[in-house]
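Position one of the sequence shown corresponds to residue -9 (our numbering), numbered consecutively onward.
Think of the CB as a built atom: it goes at the ideal place given N, C-alpha and C, for glycine as much as any other residue.
Take a look at the structure below.
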Amino acid sequence: MSENNVAIVTGASGGIGRAIAEAMIEADRHVVSLDRRLPDWSHARLEPIQVDLYDPKATADVAKDVAARHAVSYVVHNAGIIRPNLIEQVTVEDITALSQLHLGAALTLVQAALPGMKERHFGRVILIASRAALGAVTRTAYSATKSGMLGMARTWALETASHGITVNVVAPGPVETDMFHEVIPQGSPKAVQLARSIPVGRIGRPSDVARAVMFFASPEADFITGQSLYVCGGASIGSLAL
């Protein structure tokens, strides 16, 4: 397997993660999928690994194993969950769990891949945050941990830039995925209203996000680091009522 050819993509079983994994494969990269469930799709360059990223030890064990077997040059941390609740119903456990999933798992995976990236003087770390990092009703735990990605990425960018490694964030707005439709049912009046409230007039697609990820993953994007790109149809610059 050639250098700079292996990508870890979390949450690649479906939705945005699958679109990212497929784009990486199309770019001739070997994709290691880390997810709680195995993908219902396959490819010769897709290596699925079932792991619960809520579990710090299981995540660390898998990260160590993958880094030992592969020269990982791309880490795309996409796995996430919302846990929507108004302030009165939010629990400390919600914040603890999402901190591990959104921040702790990212840290563990990057720490495992970092020595190899530094040795090869090449690496691309891309964290998938959310437009909700700017705030959204019922998103206390989600917004807090997704916004944490922005600060974490900026810090990592400063620490890794001299090693040929870039760290950036893609923050999607509403995107048509199963997770999204668990909160807003497909075809519901609320979904229609939401689409109309987005400046471009539609809800996003997983492929919209994948294209942004591949931009940051490009070897030619070596002068771009510590940045956050909102892929949201303009929702980050106006009001959005979920």
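Minimum C-alpha distance to G194 - residue among D84, F205, A181:
Taking the sequence shown and counting its residues from 1, one reaches residue 194 at position 204. For the options D84, F205, A181, the alpha carbon positioned closest to that of G194 is the one of A181.
Can you check whether the CB of V160 is closer than 8 Å to the CB of V100?
Stepping through the sequence shown from its first residue, residue 100 is reached at position 110. Stepping through the sequence shown from its first residue, residue 160 is reached at position 170. Their beta carbons are not under 8 Å apart, which means V100 does not touch V160 by this criterion.
Judging by CA-CA distance, which residue of Q90, D30, L36 is the nearest neighbour of T300?
With the chain running from -9 to 232 in the structure shown, residue 300 is simply not present.
Verify whether the separation of the beta carbon atoms of N158 and F213 is less than 8 Å.
Position 168 of the sequence shown, counting from 1, holds the residue named residue 158. Position 223 of the sequence shown, counting from 1, holds the residue named residue 213. In this structure, F213 does not lie closer than 8 Å to N158 by Cβ.
If you pair each beta-carbon of the region 17 to 31 with each one of the region 79 to 86, do three or more pairs fall below 8 Å?
These segments do not touch.
Contact check, G125 vs S133, beta carbons under 8 Å
To locate residue 125, count along the sequence shown from 1; it is residue 135. To locate residue 133, count along the sequence shown from 1; it is residue 143. Yes; because the gap between Cβ atoms is below 8 Å, this pair is in contact.
Between G177 and chain D, is any beta-carbon pair separated by less than 8 Å?
The structure shown has no chain D; it contains just one protein chain.
Could you tell me which residues DSSP pairs with Y220 in its beta bridges?
Translated into positions along the sequence shown, residue 220 becomes position 230. DSSP output for Y220 lists A161 as bridge partner(s).
M(-9), DSSP secondary structure in three states:
Stepping through the sequence shown from its first residue, residue -9 is reached at position 1. Here the model assigns M(-9) a pLDDT of 47, short of 50, so the residue's position is not dependable, and the following value carries that caveat. When secondary structure is reduced to three states using DSSP, M(-9) falls in the coil class, being assigned neither helix nor strand.
Can you name the start and end residues of the beta strand (DSSP E) that A(-3) belongs to?
Within the sequence shown, residue -3 is the residue found at index 7, counting from 1. From DSSP, the beta strand (DSSP E) with A(-3) extends over -4 to 0.
Touching or not, the region 10 to 25 and the region 50 to 66, by the rule of three or more beta carbon pairs under 8 Å?
Contact check between the region 10 to 25 and the region 50 to 66: three or more CB pairs, one atom from each, fall below 8 Å, which counts as touching.
Within 10 angstroms of its Cβ, does I77 collect 16 or more other Cβ (buried), or is it exposed?
One-based indexing of the sequence shown puts residue 77 at position 87. By the 16-neighbour rule on beta-carbons within 10 angstroms, I77 is exposed.
Do V203 and V(-4) have their C-beta atoms closer together than 8 Å?
Taking the first residue of the sequence shown as 1, we reach residue 203 at position 213. Taking the first residue of the sequence shown as 1, we reach residue -4 at position 6. No, they are not a contact pair.
N-terminal and C-terminal residue of the beta strand (DSSP E) that P38 is part of:
One-based indexing of the sequence shown puts residue 38 at position 48. Run containing P38: 36 to 40, per the beta strand (DSSP E) assignment.
Beta-carbon separation of Y64 and I(-2) under 8 Å?
Translated into positions along the sequence shown, residue 64 becomes position 74. Translated into positions along the sequence shown, residue -2 becomes position 8. With a cutoff of 8 Å on beta-carbon distance, Y64 and I(-2) are scored as near each other.
Does G194 come out as helix, strand or coil in the three-state DSSP assignment?
Stepping through the sequence shown from its first residue, residue 194 is reached at position 204. Note: G194 maps to strand in three-state DSSP.
Proximity winner among E12, H92, T128, A53, relative to G106 (alpha-carbon distances)
Locating residue 106 in the sequence shown gives position 116, counting from the first residue. Looking only at E12, H92, T128, A53, the smallest Cα-Cα distance to G106 is reached by A53.
Among T156, I188, V80, which has the Cα closest to the Cα of T128?
Along the sequence shown, one-based indexing puts residue 128 at 138. Residue V80 is the option with its Cα nearest to T128.
Taking only three categories from DSSP, how would you classify D212?
One-based indexing of the sequence shown puts residue 212 at position 222. DSSP places D212 in coil when its eight states are reduced to three.
Rounded separation between T156 and S218 - CA only:
Here residue 156 refers to the residue found at position 166 when the sequence shown is read from its first residue. Here residue 218 refers to the residue found at position 228 when the sequence shown is read from its first residue. Cα-Cα distance, rounded: 12 Å.
Does the beta-carbon of H111 have 16 or more other beta-carbons within 10 angstroms, so that it is buried, or is it exposed?
Counted from its first residue, the sequence shown places residue 111 at position 121. Exposed: under 16 other Cβ atoms inside 10 Å.
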